[in-house]
Structure formats: structure tokens, C-alpha cells
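In the working numbering, the protein residues as written are 118 to 180.
Ideal placement from N, C-alpha and C gives every residue a C-beta, glycine not left out.
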């Protein structure tokens, strides 16, 4: 499931809730960085799901 993109305003609200204050130019950079990280995590999740579908079931008595 894809996560929604965080706008700079949403990042500002999250930062404020965490007790942080970010300059407006930093908000865009943080939002872009978070979007990149989320996209990479989504790629890894898709790869993990594909591996799980193609892998044989775990057999603890394989010997």
C-alpha cells in the first residue's frame, strides 16, 4: 500500500508536534527526502513480497 506524499505543511505539523521548528526552505527538503525514503521502502516491500511468493515454505526438518 502506497503511503500518501507528505506536503511541506504536513512535515511542519509533524516537526512542531515533535518540538522542532524548521525553516521553510528546510521543510521542502525534508518532505522530498521523506518521499524518497518512503519510495525506497515501498520498493523493498515489493521485492520482499515477491520473494515470499516464490520461496519454498520453511521446513525445519530439511535434513
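Asked	Found
Does DSSP put residue 161 in a helix, a strand or coil?	helix
If distances are taken between C-alpha atoms only, which option among 139, 143 and 151 comes closest to residue 122?	151
Does the Cβ-Cβ distance between residue 139 and residue 132 come in under 8 angstroms?	yes
Short check: CB of residue 148 to CB of residue 173, under 8 angstroms?	no
Comparing alpha-carbon positions, which option in 128, 135 and 136 lies nearest residue 143?	128
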